[in-house]
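For the record, the sequence lines run as chains A and B. The first sequence begins at 1 in the numbering used here and counts up by one. The second sequence begins at 294 in the numbering used here and counts up by one. Glycine included, every Cβ here is placed at the ideal spot set by N, Cα and C. Encoded as structure tokens, the structure appears first; notes follow it.
There are 2 protein chains.
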Amino acid sequence: MDTIIIDGKQTARSVLQRLSAQIGQLKQSGHTPGLAVVLVGEDPASRVYVNSKVKACEELGIYSQKWALPTETTQEELVQLIRQLNADDRIHGILVQSPPPKHIDEQAVVLAIDPRKDVDGFHPINVAKLVLEDPTGFVPCTPLGCMELLSACGIPTQGKHAVVIGRSMIVGKPMAHLLVGKRANATVTIAHSRTADLPGLCRTADILVAAVGRPGLVTADFIKPGAVVLDVGINRVEDATRPRGYRIVGDVDFASVQPLCSAITPVPGGVGPMTIAMLMSNTVKACKLACGA
Amino acid sequence: MDTIIIDGKQTARSVLQRLSAQIGQLKQSGHTPGLAVVLVGEDPASRVYVNSKVKACEELGIYSQKWALPTETTQEELVQLIRQLNADDRIHGILVQSPPPKHIDEQAVVLAIDPRKDVDGFHPINVAKLVLEDPTGFVPCTPLGCMELLSACGIPTQGKHAVVIGRSMIVGKPMAHLLVGKRANATVTIAHSRTADLPGLCRTADILVAAVGRPGLVTADFIKPGAVVLDVGINRVEDATRPRGYRIVGDVDFASVQPLCSAITPVPGGVGPMTIAMLMSNTVKACKLACGA
Numbered sequence: 001m002d003t004i005i006i007d008g009k010q011t012a013r014s015v016l017q018r019l020s021a022q023i024g025q026l027k028q029s030g031h032t033p034g035l036a037v038v039l040v041g042e043d044p045a046s047r048v049y050v051n052s053k054v055k056a057c058e059e060l061g062i063y064s065q066k067w068a069l070p071t072e073t074t075q076e077e078l079v080q081l082i083r084q085l086n087a088d089d090r091i092h093g094i095l096v097q098s099p100p101p102k103h104i105d106e107q108a109v110v111l112a113i114d115p116r117k118d119v120d121g122f123h124p125i126n127v128a129k130l131v132l133e134d135p136t137g138f139v140p141c142t143p144l145g146c147m148e149l150l151s152a153c154g155i156p157t158q159g160k161h162a163v164v165i166g167r168s169m170i171v172g173k174p175m176a177h178l179l180v181g182k183r184a185n186a187t188v189t190i191a192h193s194r195t196a197d198l199p200g201l202c203r204t205a206d207i208l209v210a211a212v213g214r215p216g217l218v219t220a221d222f223i224k225p226g227a228v229v230l231d232v233g234i235n236r237v238e239d240a241t242r243p244r245g246y247r248i249v250g251d252v253d254f255a256s257v258q259p260l261c262s263a264i265t266p267v268p269g270g271v272g273p274m275t276i277a278m279l280m281s282n283t284v285k286a287c288k289l290a291c292g293a
Numbered sequence: 294m295d296t297i298i299i300d301g302k303q304t305a306r307s308v309l310q311r312l313s314a315q316i317g318q319l320k321q322s323g324h325t326p327g328l329a330v331v332l333v334g335e336d337p338a339s340r341v342y343v344n345s346k347v348k349a350c351e352e353l354g355i356y357s358q359k360w361a362l363p364t365e366t367t368q369e370e371l372v373q374l375i376r377q378l379n380a381d382d383r384i385h386g387i388l389v390q391s392p393p394p395k396h397i398d399e400q401a402v403v404l405a406i407d408p409r410k411d412v413d414g415f416h417p418i419n420v421a422k423l424v425l426e427d428p429t430g431f432v433p434c435t436p437l438g439c440m441e442l443l444s445a446c447g448i449p450t451q452g453k454h455a456v457v458i459g460r461s462m463i464v465g466k467p468m469a470h471l472l473v474g475k476r477a478n479a480t481v482t483i484a485h486s487r488t489a490d491l492p493g494l495c496r497t498a499d500i501l502v503a504a505v506g507r508p509g510l511v512t513a514d515f516i517k518p519g520a521v522v523l524d525v526g527i528n529r530v531e532d533a534t535r536p537r538g539y540r541i542v543g544d545v546d547f548a549s550v551q552p553l554c555s556a557i558t559p560v561p562g563g564v565g566p567m568t569i570a571m572l573m574s575n576t577v578k579a580c581k582l583a584c585g586a
């Protein structure tokens, strides 16, 4: 089969280009979108993510603030900073990099963020808006990026059977809601660790989304020929041949799956690059909603 | 096949009996659960529903208020009443009978209800709590009643494939969340009007929930032998042989489906009686949460 390797980098570039034009218009009317990125602690991976988010802002002309707080920051201090950012008119989006140190209650932090600035889409108000299909809400960036990839590649969803493996609040559940909603109209199955005969179920999928964090879980026997496969997994596996001693792989065993499907996202270079693009998109949306544009 | 006809009336009675004991304990510690039922307009079916809810309160010893407002009540007047009920310590649950007259914005009314008194489970805060599996939230009564029926009949859900036909906020979506959550652990498919080959999909279901409002939609060709079928539909169909000129039927063609399945809810007498029982259950829960019991 002639498989389309879905190019997340290219699609992300198109999204950023579209946003760039919108940001230009906003600035002309006196509004500059602003994002605050908050990092607590020293986790090296988190540091990389935060820096790439700030860099994306700079490249697009989004005003950004980077707050790097020490590990011993208290919950109260963090919430105090969020209140300050909630009140700051220059800031339209607030992102607290996950995971915070263990003494911080992540859910309390999410609740402290003004839902109108919750560009991660984790606040209960935004969770409800997603379920209620209220377009003023913010949707988590990764599933939003998956929908954008489907749309950019012209992959129809209406009446198709989509199977989402994983029921997390960050990917699985929002992905299912986006797919089953009236804009996409897919028939959606949510599968998870307790699902019986996962391969057999997945073989009924026209669109398969893997979001579990288990390297190579999805193998050829999961695939209906011609299916579309979106791989959300970002897993480190040891690899002595690599300079850093590991490589990044998805939840899909790309080599065995790719020949069977009509389209597939690689890891890296598939869903990953879309996540930051959609964060930028949510920030621009927050700015537009705030200024009534 | 020896089919179990699931007796909703009997299960509802058991639920009410359990609640009766809890209400007795609450009263001994000085707390009486209270429910306010608000009806706007003259719709005869709504009047019947409201009266049966008030009657259920009286039989259980739940304090109740019935507000019957004229059709011409304004949105502002209705919201004003809800604010008054929000502030009334005797009232733990507030239910505004649906549908209100057309000049009333139902979503605005839902938002006016204190989420802690939203025993219908329609407020966005409760929608989010359901998705987040927060047990302090309120779940809509009909899907909650379906889960209670499964549990009362000892029907296992873990690893089973449940297909829910219908994606409404009142039944389909909350039902899917209850089934896919960590307490039930089912694999869940949400199907709807745009689903391709609905009969074929439904034949993969161990548990089939029909909640679309189309009389007799589910026929024998939808059923895997041995499946459990929950019929949420309540449809009026003309019937000249009946004194009222109609009879009530579900979404399931009972006569053809019943012989194939291991258990099925009849209409009437299946899911219907559970809805009021779960409303009482939510009211008792609201009282317990309010008084810290």
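Can you give me the start and stop residues for the beta strand (DSSP E) that residue i sits inside?
i: Asn528 of chain B; result: Asn528 to Glu531
i: Ala503 of chain B; result: Ile500 to Ala503
i: Ser549 of chain B; result: Careful: Ser549 of chain B lies outside any beta strand (DSSP E), inside the alpha helix (DSSP H) at Phe547 to Val550.
i: Gln368 of chain B; result: Per DSSP, Gln368 of chain B belongs to no beta strand (DSSP E); it is in the alpha helix (DSSP H), Gln368 to Asn379.
i: Ala152 of chain A; result: Note, Ala152 of chain A: premise wrong, no beta strand (DSSP E); alpha helix (DSSP H) at Cys141 to Ala152.
i: Ile458 of chain B; result: His454 to Ile458
i: Val131 of chain A; result: Per DSSP, Val131 of chain A belongs to no beta strand (DSSP E); it is in the alpha helix (DSSP H), Pro124 to Val131.
i: Gly213 of chain A; result: Counting along the chain, Gly213 of chain A falls outside any beta strand (DSSP E), and DSSP gives it neither H nor E.
Determine the burial state of residue i: buried for a count of at least 16 other Cβ atoms within 10 Å of its Cβ, exposed for fewer.
i: Glu42 of chain A; result: exposed
i: Ile5 of chain A; result: exposed
i: Ala349 of chain B; result: buried
i: Gln390 of chain B; result: buried
i: Asp382 of chain B; result: exposed
i: Val530 of chain B; result: exposed
i: Ser268 of chain B; result: A query on residue 268 of chain B cannot be resolved here, the shown segment of chain B reaching from 294 to 586 and no further.
i: His177 of chain A; result: buried
i: Pro392 of chain B; result: exposed
i: Thr11 of chain A; result: buried
i: Ala586 of chain B; result: exposed
i: Gly493 of chain B; result: exposed
Distance, Cα to Cα, residue i vs residue j?
i: Leu179 of chain A; j: Asn419 of chain B; result: 22 Å
i: Gln258 of chain A; j: Gly269 of chain A; result: 15 Å
i: Ala21 of chain A; j: Ile264 of chain A; result: 29 Å
i: Asn575 of chain B; j: Val432 of chain B; result: 8 Å
i: Leu572 of chain B; j: His485 of chain B; result: 27 Å
i: Gly8 of chain A; j: Ser444 of chain B; result: 45 Å
i: Leu388 of chain B; j: Val347 of chain B; result: 11 Å
i: Arg47 of chain A; j: Thr3 of chain A; result: 35 Å
i: Gly543 of chain B; j: Leu132 of chain A; result: 26 Å
i: Pro44 of chain A; j: Cys287 of chain A; result: 30 Å
i: Val319 of chain A; j: Arg540 of chain B; result: With chain A covering 1 to 293 only, the question about residue 319 of chain A has no answer from this structure.
i: Thr136 of chain A; j: Cys146 of chain A; result: 19 Å
i: Leu144 of chain A; j: Met294 of chain B; result: 46 Å
i: Val50 of chain A; j: His416 of chain B; result: 34 Å
i: Asn235 of chain A; j: Lys102 of chain A; result: 22 Å
i: Cys446 of chain B; j: Arg194 of chain A; result: 22 Å
i: Gln400 of chain B; j: Val502 of chain B; result: 26 Å
i: Leu289 of chain A; j: Asp490 of chain B; result: 40 Å
i: Ser292 of chain B; j: Arg311 of chain B; result: For chain B, the structure presents residues 294 to 586; residue 292 of chain B sits outside this window and is missing.
i: Asn86 of chain A; j: Arg13 of chain A; result: 30 Å
Quick one: give me the first and last residue of the alpha helix (DSSP H) that residue i is part of.
i: Val284 of chain A; result: Val271 to Cys291
i: Thr47 of chain A; result: A small correction: the amino acid at residue 47 of chain A is Arg; Thr does not occupy that position in the sequence shown. Pro44 to Leu60 is the extent of the alpha helix (DSSP H) around Arg47 of chain A.
i: Ala405 of chain B; result: Glu399 to Ala405
i: Leu319 of chain B; result: Gly301 to Gln321
i: Ala484 of chain B; result: First-last for Ala484 of chain B: Thr480 to Ala484, but that is the beta strand (DSSP E), not the alpha helix (DSSP H).
i: Val180 of chain A; result: Gly172 to Val180
i: Gly493 of chain B; result: Leu491 to Cys495
Just confirm the distance between the C-beta atoms of residue i and residue j, as a whole number of angstroms; I'd bet it's less than 8 Å.
i: Met587 of chain B; j: Glu441 of chain B; result: As displayed, chain B neither begins before 294 nor continues past 586, which places residue 587 of chain B out of reach and without an answer.
i: Leu35 of chain A; j: Val119 of chain A; result: 7 Å
i: Leu404 of chain B; j: Pro467 of chain B; result: Between Pro467 of chain B and Leu404 of chain B the Cβ distance is about 18 Å, and since that is not below 8 Å, they are no contact.
i: Asp239 of chain A; j: Val267 of chain A; result: In fact, because the Cβ distance is near 14 Å, the residues do not count as touching under 8 Å.
i: Pro33 of chain A; j: His92 of chain A; result: 5 Å
i: Val109 of chain A; j: Leu69 of chain A; result: 12 Å between Cβ atoms; not a contact.
i: Val212 of chain A; j: Ile165 of chain A; result: 5 Å
i: Thr435 of chain B; j: Val564 of chain B; result: 7 Å
field: Any 3 or more C-beta pairs closer than 8 Å across the stretch 110-123 of chain A and the stretch 451-462 of chain B
entry: Using a Cβ-Cβ distance cut-off of 8 Å, the stretch 110-123 of chain A and the stretch 451-462 of chain B are not in contact, since fewer than three pairs of beta carbons, one from each stretch, lie closer than that value.
- prompt: Should the stretch 242-255 of chain A be regarded as contacting the stretch 29-41 of chain A, the criterion being three or more beta carbon pairs within less than 8 Å?
  reply: The count of Cβ pairs closer than 8 Å, one atom from the stretch 242-255 of chain A and one from the stretch 29-41 of chain A, stays below three, leaving the stretches out of contact.
query: Is it a yes or a no for the stretch 221-230 of chain A touching the stretch 473-482 of chain B, going by three-plus beta-carbon pairs under 8 Å?
result: Too few Cβ pairs lie closer than 8 Å, so no.
task: Inspect the CB distances between the stretch 210-217 of chain A and the stretch 491-500 of chain B and report whether three or more fall short of 8 Å.
output: As far as the Cβ criterion goes, the stretch 210-217 of chain A does not touch the stretch 491-500 of chain B, which means the pair count is below three.
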